Amino acid sequence: MSTTLLLLADGRFPAGGHAHSGGLEAAVTAGRVRDLETLAAFLDGRLATAGLVAAAFAAAACRGGDTSTLDSEMDARTPSPALRKASRAQGRALLRAGRTLWTLSTVERELHHPVALGVVAAAAGLAPEEAALTAAYGTVTGPASAAVRLLGLDPYATHALVARLARDCDAVARRAARVATVDELPACSAPLLDIGAEAHASWEVRLFAS
Amino acid sequence: MKATARITAVAEAGRTRLVTLRSEPPLLVRRTGPRHAAGEVEVHLVGGAAGPLGGDRLRIEVTVGPGARLCVRTVAASLALPGPRWPERAGPRSPADTQSTLDIHATVAAGGSLRWLPEPLIAARGCDHVSRSLVDLESDASLTWREEVVCGRHGEDPGDASLHSTVRLGGRTLARQDLAVGPRACGWAGPAVLGGGRATGTLLVVDPLWTEKPPEAAVLGPGAARMPLAGGPAALAAAVGGDLREVRAALDRAFT
Amino acid sequence: MHPEAHTHPDPHAPLTAGARALRIGIGGPVGSGKTALVAALCRTLAADLRLAVVTNDIYTTEDADFLLRNGVLPADRIRAVETGCCPHTAIRDDISANLDACEDLEHDLGPLDLVLVESGGDNLTATFSKGLVDHQIFVVDVAGGDKVPRKGGPGVTTADLLVVNKTDLAPLVGADLSVMARDAAARRGDLPTVFLSLVEDPAATPVADWVRGLVKG
Chain X
536 MSTTLLLLAD
546 GRFPAGGHAH
556 SGGLEAAVTA
566 GRVRDLETLA
576 AFLDGRLATA
586 GLVAAAFAAA
596 ACRGGDTSTL
606 DSEMDARTPS
616 PALRKASRAQ
626 GRALLRAGRT
636 LWTLSTVERE
646 LHHPVALGVV
656 AAAAGLAPEE
666 AALTAAYGTV
676 TGPASAAVRL
686 LGLDPYATHA
696 LVARLARDCD
706 AVARRAARVA
716 TVDELPACSA
726 PLLDIGAEAH
736 ASWEVRLFAS
Chain C
25 MKATARITAV
35 AEAGRTRLVT
45 LRSEPPLLVR
55 RTGPRHAAGE
65 VEVHLVGGAA
75 GPLGGDRLRI
85 EVTVGPGARL
95 CVRTVAASLA
105 LPGPRWPERA
115 GPRSPADTQS
125 TLDIHATVAA
135 GGSLRWLPEP
145 LIAARGCDHV
155 SRSLVDLESD
165 ASLTWREEVV
175 CGRHGEDPGD
185 ASLHSTVRLG
195 GRTLARQDLA
205 VGPRACGWAG
215 PAVLGGGRAT
225 GTLLVVDPLW
235 TEKPPEAAVL
245 GPGAARMPLA
255 GGPAALAAAV
265 GGDLREVRAA
275 LDRAFT
Chain U
-18 MHPEAHTHPD
-8 PHAPLTAGAR
2 ALRIGIGGPV
12 GSGKTALVAA
22 LCRTLAADLR
32 LAVVTNDIYT
42 TEDADFLLRN
52 GVLPADRIRA
62 VETGCCPHTA
72 IRDDISANLD
82 ACEDLEHDLG
92 PLDLVLVESG
102 GDNLTATFSK
112 GLVDHQIFVV
122 DVAGGDKVPR
132 KGGPGVTTAD
142 LLVVNKTDLA
152 PLVGADLSVM
162 ARDAAARRGD
172 LPTVFLSLVE
182 DPAATPVADW
192 VRGLVKG
């Protein structure tokens, strides 16, 4: 239990998160997410795929894994150039914030977001599982908050969905933190997150950066 | 059933020759193109039985030598099925007793080319299948690698199937993808993963000619996109659709 | 990766004022004329200042074409920032995307004198963070009602320059400019307020002069 963990996981932490919908804007426009039920299914799938991958990379980076290896392994797991760009933009924003608050072990300006999160979490004195939890939690709260803004869903009902995912989120973080080697790092893919991100990047007008 | 198939293609005097063609039921390998070809040599895996069935341990090893050109296809879809009924007197089952596995290991040497274009895997109700592919490319090798999954036979909910694939180029990881469908996979049918689509597939192309300029990202329809990869002259097309025909059509036009 | 950044001892230290372009924020309610003011300033100042624009507004290729056609700025001098439906957050609470856009413009275009950061249309409570801009302009218009300065709010009260825009419409909407001037002075103390009509003064002369004074100063 640590206040630092809450600080880093807080949606108000100034690391650019508010401008990213985690694929939700694309899913809403495609008609795949329309209401609480479809949002719940979206969050389930995102947590099990992108959430587990992000959590495992955050834990590995927090444990002191080589950032450039982790960064290129993250590239290999992110076929969508739009998602690579979004991940690096959020990583850059997080490193900017982290560098102001703590002393980071890397001089990189830009890393994939989960790798940056691990680096910042380590600098803040957090454990790998806490870094993993922050990453997993962020992969569901980002789109949940975007859903409130885009679909006008009841914020209480939306938070109830997130609360219901708490146990799954904890389990994802525990599993992610157990990953011991680079080869074991998960690569769970979500085809519609990739395809949706490419469609989103091709739009003329977007409300969210990704 | 436990079986290993082995295919080795080498280049000799500007032609490709198959030097190993090892079959073991149910993995039967047949040469379907000319024995010596100036272009690509083609082989088909001919299903010797329905399957894979729970408990099967299948392995395919493909080696493409420097400058050789090989295409591997299958004559029909693979239908992953649960294993035979487990006799109660045999005691408790372990996952090894009920899971079917397919391990594919391919290596392509410099200047070599492998096109891996099998028919899809159909994850039938109750199956528990794991497919693992590892492709090692020397730099300057070419690859076309297709993977497709259909979630259940007509009107049927799928069993569990997971596909893990790793492609390395010059020793560095170029692409890693794990896809899981079925009752044990969380959220797989939901709007983040397949969105109710019953078929999905990817086509990965590595082409040394793209070193200067890989193909641009393109949206190929509501459920398909072509995406240049970060780690080399390569792009991945991904598609999700209501059936295999939709997915195949999107993948077929992804690089044309 | 960013060769120029490495000429500084710490490549990640934020560029201090002086080492980077002056940044001026332009905020104000929806429809008050922020984009038109930005366009006017670009036309007036582009001849003698190296400038670029970051816009937080919903920015279409039509907008870009419009600005280009009217000789305002080439497309590569304008960056759009998506705000995730939270325009005030992007300029005040979490300024990272705007900082990235400002830095990328200077990195890509070379040294600049001025970056104008246009906020997305918001309400009277939105202001720019001091971590993002050096000075800010708040734009209101007479059509929004002559009570606006009296309502105050951080934008009207604390902006370095208050622009009361579209004065040509005052007679049509029954707005009393003297009331607005009196209320603005009461709210703002010594801080300047200018009245502007881009119909009558397409060069936005008083605002352009104010900006020039800051850049040269």
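Line by line, the protein sequences give chains X, C and U. All the letters of the first sequence, read from the start, carry residue numbers 536 to 745 under the working numbering. All the letters of the second sequence, read from the start, carry residue numbers 25 to 280 under the working numbering. All the letters of the third sequence, read from the start, carry residue numbers -18 to 198 under the working numbering. Every residue gets a Cβ at the ideal spot worked out from N, C-alpha and C, and that includes glycine. Quick caveat: nothing in here was measured; it's all calculated off a predicted structure.
When rounded, the separation of the alpha-carbon atoms in HIS188 of chain C and VAL154 of chain C is 8 angstroms.
Considered as a whole, the region 78 to 106 of chain U harbours 95 to 99 as its complete beta strand (DSSP E) runs of no fewer than 3 residues, in chain order. Taken atom to atom, the span from the alpha-carbon of LEU113 of chain U to that of PRO119 of chain C is near 57 angstroms.
For THR16 of chain U, there are no neighbours in chain X by C-beta distance under 8 angstroms, as the nearest C-beta there is about 15 angstroms away. Each of C:PRO116, C:ALA92, C:LEU141 was checked against the Cα of ALA133 of chain C, and the nearest Cα belongs to C:ALA92. Against ALA554 of chain X, the close residues of chain U are GLU63, THR64, GLY65, ALA71, ALA78, in the order they occur along the chain (beta-carbon pairs closer than 7 angstroms). The region 664 to 675 of chain X makes contact with the region 579 to 592 of chain X, as at least three CB pairs between them are under 8 angstroms. Linking ARG97 of chain C to ARG272 of chain C through their CA atoms gives a straight-line distance of about 15 angstroms.
For ALA550 of chain X, the CB contacts under 6 angstroms within the same chain, skipping 5 residues up- and downstream, are ALA628, LEU629, ALA632 in chain order.
With the rule of 3 Cβ pairs closer than 8 angstroms, the region 119 to 128 of chain U does not count as touching the region 29 to 36 of chain U. The beta strand (DSSP E) runs lying completely inside the region 106 to 157 of chain C and spanning 3 residues or more are 124 to 132, 137 to 141, 145 to 147, given in chain order.
At a cut-off of 8 angstroms between beta carbons, TRP169 of chain C makes no contact with chain X. Nearest to ALA147 of chain C by alpha-carbon distance, out of C:ALA27, C:GLY75, C:ALA258, C:VAL229, is C:GLY75. In its chain, beyond the 5 residues on either side, ALA562, LEU574, PHE577 have a beta carbon closer than 6 angstroms to the beta carbon of VAL568 of chain X.
Here DSSP, grouped into helix, strand and coil, assigns ILE7 of chain U to strand. Residue environment for PHE47 of chain U: exposed (fewer than 16 other C-beta atoms within 10 angstroms of its C-beta). Beta-carbon to beta-carbon, LEU652 of chain X and ALA666 of chain X are separated by about 6 angstroms, close enough to satisfy the 8 angstroms threshold. Under the DSSP assignment, GLY633 of chain X falls in the alpha helix (DSSP H) whose first and last residues are 616 to 636. Proximity of ASP46 of chain U to chain X, defined by a Cβ-Cβ separation below 8 angstroms, is not satisfied. Of the candidates U:PRO130, U:ARG60, U:LEU153, U:ALA189, the residue whose Cα lies closest to the Cα of PRO10 of chain U is U:PRO130. In the structure shown, VAL123 of chain U adopts helical secondary structure according to DSSP, grouped into three states.
When secondary structure is reduced to three states using DSSP, GLY586 of chain X falls in the helix class.
The region 49 to 75 of chain U is shown to contain whole beta strand (DSSP E) runs of 3 or more residues at 59 to 61, in chain order. Excluding sequence positions up to five before and after LEU700 of chain X, its CB lies within less than 7 angstroms of the CB of LEU578, LEU582, VAL675, all in the same chain and listed in chain order. Counting C-beta pairs closer than 8 angstroms gives three or more between the region 191 to 207 of chain C and the region 248 to 266 of chain C, which meets the contact rule.
Per the coordinates, the alpha-carbon of VAL192 of chain U lies some 20 angstroms from the alpha-carbon of THR148 of chain U. A straight-line Cα-Cα distance of about 20 angstroms links GLY135 of chain C and THR44 of chain C.
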